[in-house]
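Chemist: Okay, handing you the structure first.
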Amino acid sequence: MGDVVQVAVPWVLLAAVLLGVAALGVTALDGALAARAAGRSASVGAQHPLVETARLLRQRRRTTVAADTLLRHVAVGGFVVAPLLMVAVVPLGEWVLADASVGVVWFNAVDVLVWVLVWLAGWGPNAAWSLTGGYRFLAQAMAYELPLMFALTAPAVAAGSLRVGDVAAAQPGLPHVVWMPVAFVVYCTGVLAFSVRGPLSPAGGAAISGGVLAELSGVDRLLVLAGRAGLLVAGAAFAVPLFLGGGSGPLLPGWLWVLVKTALLAAALVVVRRRLPDVRPERFLALGWTVLLPAALLQLLVVSVVVVVRS
Amino acid sequence: MAVSLRPLQRVLARWAVRGTAVLLVEVPGGWAARAAVERALVERGWRAASSPADADAVVVCGTPGESWGEVLERTWEQMPGPRARASVSAPSEVPGALEGLAASLLDDDAQRADAASRDLVPADVENGDDMHPAGLDLAGGEDDLRDGLEMDVLRVPLGPVLPDWPAGLVLRTVLSGDVVVRARVEVLAGAAARRDSADDARRGDDVARRLDAAAQVLRLAGADDVAARAVHLRDAALPAGLRSLSPRSAPSPSGLRSLLTSSRGAGAEEAHEVRGEAARLRGRVERSRVLAWALREADVATSSPTSGAESDAAQASAPGDLRDVGLDARRRTRDDVRTLLLGLLDPDARDDDPGRRTRAALEALPERLVGVDVVTARLLVAALDLRTDALGDDDLAAFAPRDDEDEDGDEADGGDAHAHHHGHAHG
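In the order they appear, the protein sequences are chains E and R. Residues in the first sequence are numbered from 1000 upward in steps of one, following the working numbering. Residues in the second sequence are numbered from 7 upward in steps of one, following the working numbering.
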């Protein structure tokens, strides 16, 4: 174990580029699916991220009366930083930006940071729809965070380490997803919830006019949109060492397997999220505490028993 | 420097305009125009904007009456820019109007001049102090209806510029957190002279209008793909006179394209086919367990139908009962949204007097919304399929906007911090 090499800091630029390309990719897929549903050509819809980027680069930034400018900037900037912090501990084959001994906890800490970002984005503009988005996100964070935390624990317990590289190396031949599918599903639910888009993200949505996005324009909006696409990708990327066997696989080199697995999972999450209607926070709370949390705990129990028996 | 960047700016502008976000403002009587704009947006690859901050352009659909002046001006002020505006009162005007918007948005010099001419600070912002930032009152507190915790109380007008919202409807709400404490209904009317022609336009489009309302509910519920299907059917169900003028672009349910292009009118066969498709869509919505689950009310202790001191006293005496009442009310509201949605998708349902139905629904609305959260409120309002263009003059007088800014019967000294959030841009 521990065959992961920590690379020099400048490589963070490569990570940012990869993350950006993947974020464009998932947004393009989403645009293509939306265009097809509306009876239009999917290839035109796939250009959506580029067109939207051009539009927002050209648009002016806008503020509201008595806005909390500092907190608003923290939120907007934080949205692009958070996914980078997440992928920093994900090994790309044998290389990793930060080979932290508590990588799993680090990821968990960053996903809790998303609470702060969404709340500040809701609070900052001093406007009703944004604030409502913030309220609703916090309500639903209570539903997904604990199950997500226990879902993250299961692979770490199996590997006997919180180092992400160790967890990836602990599943030769048999990826964790095979024998801890419940934890995997709960984890993916958490990713859908913290990526601030789709059925499990009441912070936005048509019914509150975009919620935390309602008052953002121009570059501010672009950063938040990019950041939330990045969060989905980072969530998918972190599942690779945790559940999908990391870089292991036939023929291709490890780093390429990590990218392929990340892309496939991210695409699957996009498809799933399109098929579901918005789930209201109170509905999701009931699901989170009566189904997801017990299921995640049971999964953890099973994993722990297996680990004890095996040793 | 600026000169050398010109070609790049032009490329950027051209790409940007391909994805123009258009804020749709429907005035009573502008339904057909709004549907035509929506259709044209899809054809162009444009999209509807979710808020003024999200919008590059605003299109007023229908002919606004006098009461609209300030609303439209405020909306225009809130748009970040580059920005453009247009108004259409008939489907035939739509292609030209959208061309005009594109040209205006591409005109860098004019947009620059517009940006330079705007103040950085909204006109009516005053110098504030600690208790009145920017001259606004702070939000006041009031007990939350759900659990007795004190929440900020906000005065928030919902509408009339709100996507998937009845034309001209303004709900002056008092929100505690995201829960409606009080609400008052106002309707901003269309220009009186246009109302007769709107009557003409309404004939024979009932199925289309109900499909349109269903699409709005589905969009608000986040079921975008099902909503897209409903919009598709709506356009196929429109009487020929209300379709946009290019027959090539007239959408139709699958298998109907040939029928549509051969005869422009909504013939009997075609109407039959649309009804069949609508019934199938209804079945799809009815069978969807996910949708039913998402629309059903959760079992959390919720609101009571009373408010303020009254509710405190009542809660102290019989908290259990009140919560049951509130829970029941919310559950019923959610059930109603689903029932109403299924009713809208029922091609055989009849709506004989939309005017009277709308008036009754508007009168009952404030009471119905107390204790309901904003999302449920918007779903309910959409599902009620309120036809403000079918209201008579005396109805409109009953719901006329009032000058006084204060809420009726408002005993709390709640603030106004969020009611007027004008946007302004800085470059």
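Backbone N, C-alpha and C fix where the C-beta goes; we use that ideal spot for every residue, glycine too. Here the structure is a predicted model, which is why all the values come from computation and not from measurement.
For the alpha helix (DSSP H) containing E/Thr1052, name the first residue and the last one.
Modeler: The residue you call residue 1052 of chain E lines up with position 53 of the first sequence. Unbroken alpha helix (DSSP H) run through E/Thr1052: His1047 to Arg1057.
Chemist: Using a Cβ-Cβ distance cut-off of 8 Å, determine whether R/Pro166 contacts chain E.
Modeler: Along the second sequence, one-based indexing puts residue 166 of chain R at 160. For R/Pro166, the answer is no, since every Cβ of chain E falls outside 8 Å of its Cβ.
Chemist: Strictly below 8 Å CB to CB, what residues from chain E border R/Pro86?
Modeler: Counting from one through the second sequence, the residue named residue 86 of chain R turns up at place 80. The answer, in chain order, is Gln1058, Arg1059, Arg1060, Arg1061, Ser1216 and Gly1217.
Chemist: Quick check: the region 1060 to 1067 of chain E against the region 1206 to 1216 of chain E, are there 3 or more CB pairs under 8 Å?
Modeler: Counting Cβ pairs under 8 Å, three or more are found: they touch.
Chemist: Could you compute how far the alpha carbon of R/Asp62 sits from the alpha carbon of R/Arg53?
Modeler: As a working mapping, residue 62 of chain R is identified with position 56 in the second sequence. As a working mapping, residue 53 of chain R is identified with position 47 in the second sequence. Going from the Cα of R/Asp62 to the Cα of R/Arg53 covers about 10 Å.
Chemist: Give me the subset of the region 18 to 44 of chain R whose CB atoms are less than 7 Å from a CB atom of chain A, sorted by chain position.
Modeler: Absent from the structure: chain A. Protein chains present are E and R.
Chemist: Check for me: the alpha helix (DSSP H) holding R/Arg124 runs from which residue to which?
Modeler: Position 118 of the second sequence, counted from the start, is the residue given in the question as residue 124 of chain R. Taken as a continuous stretch (DSSP letters only), R/Arg124 belongs to no alpha helix (DSSP H), as it is neither H nor E.
Chemist: Taking 8 Å as the CB-CB cut-off, is R/Ser93 touching chain E?
Modeler: Looking up residue 93 of chain R in the second sequence gives position 87. Answer no: the Cβ-Cβ gap between R/Ser93 and chain E never drops below 8 Å.
Chemist: Out of R/Val343, R/Ser73, R/Ala22 and R/Leu177, point me to the one whose CA is closest to E/Val1050's CA.
Modeler: Numbered from 1 along the first sequence, position 51 holds the residue referred to as residue 1050 of chain E. Checking every option, the nearest Cα to that of E/Val1050 belongs to R/Ala22.
Chemist: Only counting the same chain, and skipping five residues up and downstream in sequence, which positions put a Cβ closer than 6 Å to that of R/Ala27?
Modeler: As a working mapping, residue 27 of chain R is identified with position 21 in the second sequence. Around R/Ala27: Arg53, Ala55, Asp60, Ala61 and Asp62.
Chemist: Going along the chain, which unbroken runs of the beta strand (DSSP E) with 3 or more residues stay wholly within the region 28 to 102 of chain R?
Modeler: As far as the region 28 to 102 of chain R is concerned, its whole beta strand (DSSP E) runs of at least 3 residues are 63 to 67 and 90 to 94.
Chemist: Can you tell me which of the three DSSP states R/Arg281 falls into?
Modeler: Numbered from its first residue, the second sequence carries residue 281 of chain R at position 275. Of the three classes helix, strand and coil, the one that applies to R/Arg281 here is helix, per DSSP.
Chemist: Using only the alpha-carbon positions, how far apart do R/Asp358 and E/Gly1044 sit?
Modeler: Numbered from its first residue, the second sequence carries residue 358 of chain R at position 352. Numbered from its first residue, the first sequence carries residue 1044 of chain E at position 45. Between R/Asp358 and E/Gly1044, the C-alpha separation is close to 41 Å.
Chemist: Quick one: grab the DSSP three-state call for R/Asp318.
Modeler: Position 312 of the second sequence, counted from the first residue, corresponds to residue 318 of chain R. With a pLDDT of 41 at R/Asp318, under the threshold of 50, the modelled position of that residue is not reliable, and the figure given next carries that caveat. Three-state result, R/Asp318: helix.
Chemist: Strictly below 8 Å CB to CB, what residues from chain R border E/Ser1247?
Modeler: In the first sequence, residue 1247 of chain E corresponds to position 248, counting from 1. Within chain R, no residue comes near E/Ser1247; the closest Cβ sits about 35 Å away, beyond 8 Å.
Chemist: Would you call the CB atoms of E/Pro1146 and E/Gly1189 closer than 8 Å?
Modeler: Position 147 of the first sequence, counted from the start, is the residue given in the question as residue 1146 of chain E. Position 190 of the first sequence, counted from the start, is the residue given in the question as residue 1189 of chain E. Yes, these two residues count as a Cβ contact at 8 Å.
Chemist: Tell me, please, which residues DSSP counts as bridged to R/Ala189.
Modeler: Counted from its first residue, the second sequence places residue 189 of chain R at position 183. R/Ala189 pairs with R/Thr179.
Chemist: Identify which residue in E/Leu1212, E/Leu1258, E/Leu1243 and E/Trp1254 has its Cα closest to the Cα of E/Val1232.
Modeler: As a position in the first sequence, residue 1232 of chain E is number 233, starting the count at 1. Ranking the options by Cα distance to E/Val1232, first place goes to E/Leu1258.
Chemist: Taking all protein chains shown into account, decide if E/Asp1165 is buried (16 or more other Cβ within 10 angstroms of its Cβ) or exposed.
Modeler: Taking the first residue of the first sequence as position 1, residue 1165 of chain E is located at position 166. It counts as buried.
Chemist: Tell me, please, which residues DSSP counts as bridged to R/Asp379.
Modeler: By one-based count along the second sequence, residue 379 of chain R stands at place 373. Beta-bridge pairing links R/Asp379 to R/Val185.
Chemist: Per DSSP, which one or two residues make a beta bridge with R/Leu164?
Modeler: By one-based count along the second sequence, residue 164 of chain R stands at place 158. Looking at the DSSP assignment, R/Leu164 forms a beta bridge with R/Leu177.
Chemist: How many Å lie between E/Leu1212 and E/Gln1005 at the Cα?
Modeler: As a working note, residue 1212 of chain E is residue 213 in the first sequence. As a working note, residue 1005 of chain E is residue 6 in the first sequence. Rounded to whole angstroms, E/Leu1212 to E/Gln1005 spans 37 Å at the Cα level.
Chemist: For R/Val343, which of R/Ala403, R/Pro353 and R/Leu386 has the nearest alpha-carbon?
Modeler: By 1-based counting over the second sequence, the position of residue 343 of chain R is 337. Of R/Ala403, R/Pro353 and R/Leu386, the residue nearest in Cα terms is R/Leu386.
Chemist: Give me, in chain order, the residues of the same chain whose beta-carbon lies closer than 8 Å to that of E/Leu1291; leave out the 5 immediate sequence neighbours on both sides.
Modeler: Counting from 1 along the first sequence, the entry for residue 1291 of chain E is found at position 292. Closer than 8 Å at Cβ, skipping near neighbours: Ala1142, Tyr1143, Pro1146, Val1185 and Thr1188.
Chemist: So E/Leu1049 contacts chain R; which residues on that side make the cut at Cβ distance below 8 Å?
Modeler: Position 50 of the first sequence, counting from 1, holds the residue named residue 1049 of chain E. Trp21, listed in chain order.
Chemist: Since R/Arg169 meets chain E, which of its residues come closer than 9 Å, beta carbon to beta carbon?
Modeler: For the purposes of this step, residue 169 of chain R is taken as the residue at position 163 of the second sequence. As written in the sequence, residue 169 of chain R is Pro, which differs from the Arg given in the question. By Cβ distance, chain E contributes Ala1205 and Ser1208.
Chemist: Compare the C-beta of R/Leu297 with all C-beta atoms of chain E and state if any pair is closer than 8 Å.
Modeler: Here residue 297 of chain R is taken as the residue at index 291 of the second sequence, counted from 1. Yes, R/Leu297 lies at the interface with chain E (some Cβ there is under 8 Å from its Cβ).
Chemist: Since R/Asp230 and E/Ala1033 should fall inside the 8 Å C-beta cutoff, what is the C-beta to C-beta distance between them, to a whole number of angstroms?
Modeler: Taking the second sequence and counting its residues from 1, the one referred to as residue 230 of chain R is at position 224. Taking the first sequence and counting its residues from 1, the one referred to as residue 1033 of chain E is at position 34. Their Cβ separation, rounded to whole angstroms, is 7 Å, which keeps R/Asp230 and E/Ala1033 in contact under 8 Å.
Chemist: Relative to the alpha-carbon of R/Ala108, which residue among R/Ala242, R/Ala300, R/Arg91 and R/Leu397 has its alpha-carbon at the smallest distance?
Modeler: On the second sequence, position 102 is the one that residue 108 of chain R refers to. Taking only the C-alpha atoms, the option nearest R/Ala108 is R/Arg91.
Chemist: Start and end of the alpha helix (DSSP H) containing R/Arg12?
Modeler: One-based indexing of the second sequence puts residue 12 of chain R at position 6. Element bounds for R/Arg12: Arg12 to Arg24.
Chemist: Quick check on this structure: which residue in E/Val1008, E/Leu1013 and E/Pro1009 has the alpha carbon closest to the alpha carbon of E/Trp1254?
Modeler: Counted from its first residue, the first sequence places residue 1254 of chain E at position 255. With distances taken between Cα atoms, E/Trp1254 lies closest to E/Leu1013.
Chemist: Can you grab the Cα-Cα spacing for the pair E/Val1270 / E/Leu1028, in whole Å?
Modeler: For the purposes of this step, residue 1270 of chain E is identified with residue 271 of the first sequence, where counting begins at 1. For the purposes of this step, residue 1028 of chain E is identified with residue 29 of the first sequence, where counting begins at 1. Near 9 Å, if we compare the C-alpha coordinates of E/Leu1028 and E/Val1270.
Chemist: Out of E/Leu1017, E/Leu1023 and E/Val1008, which has the shortest C-alpha to C-alpha gap to E/Leu1221?
Modeler: Within the first sequence, numbered from 1, the residue matching residue 1221 of chain E stands at position 222. When each option's Cα is compared against that of E/Leu1221, the closest is E/Leu1023.
Chemist: Mapping the DSSP letters down to three states, classify R/Asp419 as helix, strand or coil.
Modeler: Indexing the second sequence from 1 puts residue 419 of chain R at position 413. Per-residue confidence for R/Asp419 stands at a pLDDT of 36, beneath the threshold of 50, marking its modelled position as unreliable; the derived number appears in the next sentence. Of the three classes helix, strand and coil, the one that applies to R/Asp419 here is coil, per DSSP.
Chemist: Report the rounded CA-to-CA distance for R/Arg393 versus R/Val185, giving the unit in angstroms.
Modeler: Taking the first residue of the second sequence as position 1, residue 393 of chain R is located at position 387. Taking the first residue of the second sequence as position 1, residue 185 of chain R is located at position 179. Each residue's alpha carbon lies about 25 Å from the other.
Chemist: Ignoring anything shorter than 4 residues, give me the alpha helix (DSSP H) runs that lie fully in the region 1133 to 1185 of chain E, in order along the chain.
Modeler: Those alpha helix (DSSP H) runs which fall completely within the region 1133 to 1185 of chain E and span 4+ residues are 1163 to 1168 and 1175 to 1178.
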